[in-house]
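This report concerns only the one structure given below.
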Amino acid sequence: MEDLRKAIVEFAESSKKTKFYFKDIEKAVQKVIPDAKMREIKKACTSLINDGTMIYFSTGSSTMYGLKGRGMTEDPE
Amino acid sequence: MAFEPKEPQKELKYDETRIYSDAELNNYTEEELKNFKIKHETPDLDELEKGPWPSFVADAKQGALHRRKLADDRMLIERDVIEDMLGQLQLSFDEGETHWKHGGIVGVFGYGGGVIGRYSDLPEKYPSIAHFHTVRVNQPGSKFYDSHFLRTVCDMWEYRGSGLMNLHGSTGDLVLLGTTTEQLEPIFFELTHEMQVDIGGSGSNLRTPSCCIGKARCEWSCFDTQALSYELTQYYQDELHRPAFPYKFKFKFDGCPNGCVASIARSDMSFIGTWRDDIRIDQEAVKAYIAGEVVPNGGAHKGRDWGKFDIQKEVLDLCPTKCMWMEDGELKIDNAECTRCMHCINVMPKALRPGTDTGVTILCGAKAPILEGAQMATMIVPFMKAEAPYDNIKEFIEKVWEWWMEEGKNRERLGELIQRQTLPKFLEVMELPAAPQMVKEPRSNPYILWKEEDVPGGWNRDIKEYRARHKR
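Chains as they are written, first to last, in this note's numbering: chain A, 184 to 260; chain B, 4 to 475.
Structure representation (structure tokens):
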């Protein structure tokens, strides 16, 4: 779990973007940890949400993840 | 079977939960309403009140007057919220463009859906709707409420929100329209801890499952729609609240092919009750319909005289597969040819009933238009039993999700993925055989693409030689 969390945060910090689809996170993590399973990556994302490291961004129809305080404000785009 | 909740339920008593007195709830007269003007000029909205149908503008004005007359400490968001909403709507009519901004990071802790951020892009002009977030509340199965629950929700929403509600949104939720960010957590607490309802789905989540009235009131229901909807809602809580799908995903449950929740058109995975044995026929009742002793259609069209009931014209000739006929005064049905259109059962409900070996047909891929236009679902599983604990259904669902989550692009619905990768590919992944019923129109969407290993003896085919004679 810890290595997945680390891979997610590293990807999110290194990207030019501030908001990520889950699929993009999954692909990025699997580049670093090839045998990482989707369910495990989702659990790691959820734990990052629960401890406040990441936050959800929702347009209402689709949802993205982002690092708290990094380009994500309460206002919509 | 009696409803068995996953958690103990307490009975809600409005007398214990109410916020407003009767005097506060009925705080204006008809005369005051007639003379009431909101603080903005709204000529186009006023026009909308003049038509023959009930108008949301009239409802909103009642809400606005009600809020004007409440005491300051009887609401936690701005008094003028409805008036500003109407004012901004008028401006949008004038300018032909919206002044709402959607989305953002608002939500309740741990949930990735159920709250949709909304903001005015003219907060100086309409300060009361600077925040105007939506909360989706997961409706009870088949939308069975009692007045204690509805009055409790209404009081809470008047107090912590605008008081404006939409019963119900397209997905089925109660939609609470317009509140501020700081009210979201208290609203969530009261909904879940006092009213024992959860918030619904939004974003890239499983959306709030929705079902028809089912066996609660309808004798045609071929499975317990409420039980399946409730079970899948509880079982897939993670999918409902923590988004990891490429896009939205909707389940809907119709107890019979009459399709009262229109699952075939409105859900990525549609469950429609059906039977695999024969339609039950009461020949005496058939005779009673023919003799005019029983009103056809359950009396649904008796407002005018349609003449004597004619079984040939009104039932047999209208059967889409012509699988019914009269023989020696008895109604006969070639059940193998029945497509479950429900017409004969609807016309003669006393004489005809669905069979007793019941279950569901599962269809996949419907959606309303955003990216590629409206699309109806395709029949994938002709028949499956639908009995608790529904392991067979869960297994199918998870197989579909696994493929869609692996192959689907961001913001691609299941139906679009099936279109892109083809139906044969989907069937191959699901390990299901193709069936003629999956063809929309013969010769326009043939789905049989033979593979060499499927054909005894294989084949010899030189594509270069073929292309030499057939240009692309």
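Where is the CB? At the ideal position from N, CA and C, for every residue including glycine.
7 Å Cβ shell around B:K402 - same chain, five flanking residues per side excluded: The residue you call residue 402 of chain B lines up with position 399 of the second sequence. So the list reads M433, once near-sequence residues are dropped.
Spatial neighbours of B:R210 in its chain, beta-carbon cut-off 6 Å, leaving aside the 5 residues before and after: The residue given as residue 210 of chain B occupies position 207 in the second sequence. So the list reads T174, G204, K251 and K253, once near-sequence residues are dropped.
Using beta carbons (cut-off 7 Å, strictly below), is B:P246 in contact with chain A? Counting from 1 along the second sequence, the entry for residue 246 of chain B is found at position 243. For B:P246, the answer is yes, since a Cβ of chain A falls inside 7 Å of its Cβ.
Could you give the DSSP three-state label for B:R470: helix, strand or coil? What you label residue 470 of chain B is simply residue 467 of the second sequence in a count that begins at 1. Of the three classes helix, strand and coil, the one that applies to B:R470 here is helix, per DSSP.
Which residues in chain A sit within 7 Å of B:G301, going by Cβ to Cβ distance? The sequence position of residue 301 of chain B within the second sequence is 298, counting from 1. The contacting residues do not exist; B:G301 stays about 40 Å from chain A at best.
Quick test of your reading: A:K225 and B:R245, contact by CB under 8 Å. State the CB separation rounded to the nearest angstrom. The residue you call residue 225 of chain A lines up with position 42 of the first sequence. The residue you call residue 245 of chain B lines up with position 242 of the second sequence. The Cβ separation is near 7 Å, so the contact holds.
Buried/exposed call for B:T101, threshold 16 Cβ in 10 Å: Sequence index remark: in the second sequence, residue 101 of chain B carries index 98 (1-based). B:T101 is exposed by the Cβ-count criterion.
Sorted by chain position, which residues of the same chain lie with C-beta nearer than 8 Å to B:E455's C-beta, five sequence neighbours on each side aside? In the second sequence, counting from the first residue as 1, residue 455 of chain B sits at position 452. Here the set comprises G461 and W462.
Through-space distance from B:E188 to B:C157, alpha-carbon basis: Position 154 of the second sequence holds residue 157 of chain B. Position 185 of the second sequence holds residue 188 of chain B. Cα to Cα, the separation comes out at about 17 Å.
Using 7 Å as the threshold, is the C-beta distance between B:A389 and B:F226 below it? Working through the second sequence from its first residue, we reach residue 389 of chain B at position 386. Working through the second sequence from its first residue, we reach residue 226 of chain B at position 223. Contact: yes.
Of all Cβ atoms in chain B, is any one closer than 7 Å to the Cβ of A:I268? What is shown of chain A runs 184 to 260, which leaves residue 268 of chain A out entirely.
Hey, B:T381 and B:G368: beta-carbon distance below 7 Å or not? Against the second sequence, residue 381 of chain B aligns to sequence position 378. Against the second sequence, residue 368 of chain B aligns to sequence position 365. Contact flag set, yes.
Helix or strand or just coil, what does DSSP make of B:D257? Here residue 257 of chain B corresponds to residue number 254 of the second sequence, with the count starting at 1. Here B:D257 sits in strand by DSSP.
C-alpha distance - B:L194 paired with B:T20, whole-angstrom precision: As a working note, residue 194 of chain B is residue 191 in the second sequence. As a working note, residue 20 of chain B is residue 17 in the second sequence. Computed Cα separation, rounded: 12 Å.
The alpha helix (DSSP H) that contains B:P189, what's its start and end? In the second sequence, counting from the first residue as 1, residue 189 of chain B sits at position 186. Unbroken alpha helix (DSSP H) run through B:P189: L187 to F192.
Residues of chain A with a CB under 7 Å from the CB of B:R414: which are they? To locate residue 414 of chain B, count along the second sequence from 1; it is residue 411. Within chain A, the residues near B:R414 are S245.
I need the straight-line Cα distance from B:I22 to B:F191, nearest angstrom please. Within the second sequence, the letter at position 19 stands for residue 22 of chain B. Within the second sequence, the letter at position 188 stands for residue 191 of chain B. About 17 Å.
What span of residues does the alpha helix (DSSP H) with A:R188 cover, start to end? Sequence index remark: in the first sequence, residue 188 of chain A carries index 5 (1-based). Taken as a continuous stretch (DSSP letters only), the alpha helix (DSSP H) holding A:R188 covers E185 to S197.
Counted within 10 angstroms of its Cβ, other Cβ atoms place A:M184 as buried (16 or more) or exposed: Indexing the first sequence from 1 puts residue 184 of chain A at position 1. When all chains shown are included, A:M184 counts as exposed.
Counting contacts by CB-CB distance shorter than 7 Å, is A:T242 in contact with chain B? If you number the first sequence from 1, residue 242 of chain A lands on position 59. Chain B, which has a Cβ nearer than 7 Å to the Cβ of A:T242, makes this yes.
Look at the alpha carbon of A:E223 and the alpha carbon of B:K255, and state the distance between them as a whole number of angstroms. Walking along the first sequence from the start, residue 223 of chain A turns up at place 40. Walking along the second sequence from the start, residue 255 of chain B turns up at place 252. Spanning the two alpha carbons is a distance of roughly 28 Å.
How big is the Cα-Cα spacing for A:N233 and A:Y248? In the first sequence, counting from the first residue as 1, residue 233 of chain A sits at position 50. In the first sequence, counting from the first residue as 1, residue 248 of chain A sits at position 65. Their Cα atoms are separated by approximately 12 Å.
Is the shortest distance between the beta-carbon of B:E105 and the beta-carbons of chain A less than 7 Å? In the second sequence, the residue the question calls residue 105 of chain B occupies position 102. One detail in the question is off: residue 105 of chain B reads as His in this sequence, not Glu. Interface residue, yes.
What are the uninterrupted segments assigned as beta strand (DSSP E) that are 3 or more residues long and contained completely in the stretch 126–154 of chain B, given in chain order? 137–140
Whole-angstrom C-beta distance between A:S245 and B:S207, which should lie under 8 Å: As a working note, residue 207 of chain B is residue 204 in the second sequence. As a working note, residue 245 of chain A is residue 62 in the first sequence. About 5 Å separates the two Cβ atoms, so the contact holds.
Check the Cβ of B:M88 against every Cβ in chain A and list those closer than 9 Å, keeping chain order. Within the second sequence, the letter at position 85 stands for residue 88 of chain B. Correct list: empty, because the minimum Cβ distance to chain A is about 17 Å.
Contact set between the stretch 135–155 of chain B and chain A, restricted to residues whose Cβ is under 7 Å from the partner: none
Test item: CB-CB of B:S232 and B:C221 under 7 Å: Residue 232 of chain B sits at position 229 when you count from the first residue of the second sequence. Residue 221 of chain B sits at position 218 when you count from the first residue of the second sequence. No, they are not a contact pair.
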